[in-house]
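A.B. asks:
In my numbering, the protein residues as written are 17 to 223.
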């Protein structure tokens with residue numbers, strides 16, 4: 017998941033989408049849509065794994081706090097559902113680009129506009145989903161803090177990771193001219209938690 021999502025968004029799908037150039041974007045999708053499809057498959061795989069992670073974290077962190085663990089799991093499933101809606105919009109744009117019948121019915125300018133609208137909707141839904149993912153990480157940090165078999169400092173780094181997603185979402189609409197790229201460094205807290213789970217978390221610990 018750590019590799020598949022960035023590769024999908026910034027490499028494969030990024031090859032096809034040309035910002036502020038609808039004609040070039042549509043041409044890329046029509047002449048060589050393979051990278052775009054590879055990116056879509058990687059995103060689909062990532063979201064399916066998110067469902068598995070939701071179940072795994074619930075199972076791992078539920079001792080003594082079943083209700084809170086269930087809330088965290090459902091929050092991640094809501095994020096996944098929103099992400100799938102964004103992926104649906106992305107595939108709708110691709111279908112419009114390659115659909116022969118649709119292309120015959122719609123004039124070129126109208127078709128290009130509709131495709132860019134779908135891509136914009138996909139990006140917006142992706143932003144909303146990531147914001148909700150940040151809220152999910154806040155819930156997860158509380159769950160970790162209250163856990164008896166996970167170090168409390170991990171709750172802090174996970175909470176900071178959640179804050180990064182929420183801050184970037186809000187900044188996009190309230191302070192679009194402000195450069196907050198450095199906030200992405202806080203998202204590494206999620207990676208720290210993942211590494212701890214892989215190295216130490218699999219060991220059985222008494223609550």
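Glycine included, C-beta positions come from ideal geometry on N, C-alpha and C. The model shown is predicted, which means the values in this text are computed figures rather than measured ones.
Is the beta carbon of residue 59 sitting closer than 9 Å to the one on residue 24?
C.D. replies: A contact, by the Cβ cut-off of 9 Å.
A.B. asks: Answer with buried or exposed for residue 27, where buried requires no fewer than 16 other C-beta atoms within 10 angstroms of its C-beta.
C.D. replies: Answer is exposed; the Cβ neighbour count stays below 16.
A.B. asks: Tell me whether residue 155 is buried or exposed, calling it buried when 16 or more other Cβ atoms sit within 10 Å of its Cβ.
C.D. replies: Burial call: buried.
A.B. asks: Quick check on residue 57: buried or exposed, where buried means 16 or more other Cβ atoms within 10 Å of its Cβ?
C.D. replies: The residue is exposed, with fewer than 16 neighbouring Cβ atoms inside 10 Å.
A.B. asks: Counting only the same chain and skipping the five closest in sequence on each side, list residues whose C-beta sits under 8 Å from that of residue 63.
C.D. replies: Excluding sequence neighbours, residue 63 sits near 96, 99, 100, 103.
A.B. asks: Shortest alpha-carbon distance to residue 17 belongs to which of 68, 147, 160?
C.D. replies: Considering only alpha carbons, the answer is 68.
A.B. asks: Under DSSP, the alpha helix (DSSP H) around residue 81 begins and ends at which residues?
C.D. replies: Segment: none, residue 81 is in no alpha helix (DSSP H) and carries neither H nor E.
A.B. asks: Please state the DSSP three-state secondary structure of residue 219.
C.D. replies: Correct three-state label for residue 219: coil.
A.B. asks: Please tell me whether residue 171 and residue 182 are closer than 9 Å, where the distance is taken between their beta carbons.
C.D. replies: Not closer than 9 Å, so no.
A.B. asks: Measuring only the C-alpha atoms, how far is residue 66 from residue 146?
C.D. replies: If I take the Cα positions, the gap works out to 13 Å.
A.B. asks: Which runs of the alpha helix (DSSP H) at least 4 residues long sit entirely within the segment 156-193? Give them in chain order.
C.D. replies: You should have 169-190.
A.B. asks: Are at least three pairs of beta-carbons, each pair with one atom in the segment 127-134 and one in the segment 30-49, less than 8 Å apart?
C.D. replies: A contact exists between the segment 127-134 and the segment 30-49.
A.B. asks: Can you list, in chain order, the residues of its chain whose CB lies under 8 Å from that of residue 161, leaving out five sequence neighbours each side?
C.D. replies: Result list for residue 161: 168, 171, in chain order.
A.B. asks: Where does residue 150 land, buried or exposed, given buried means 16+ other C-beta within 10 angstroms?
C.D. replies: So residue 150 ends up on the buried side.
A.B. asks: Give me, in chain order, the residues of the same chain whose beta-carbon lies closer than 6 Å to that of residue 55; leave out the 5 immediate sequence neighbours on both sides.
C.D. replies: The answer, listed in chain order, is 24, 28, 29.
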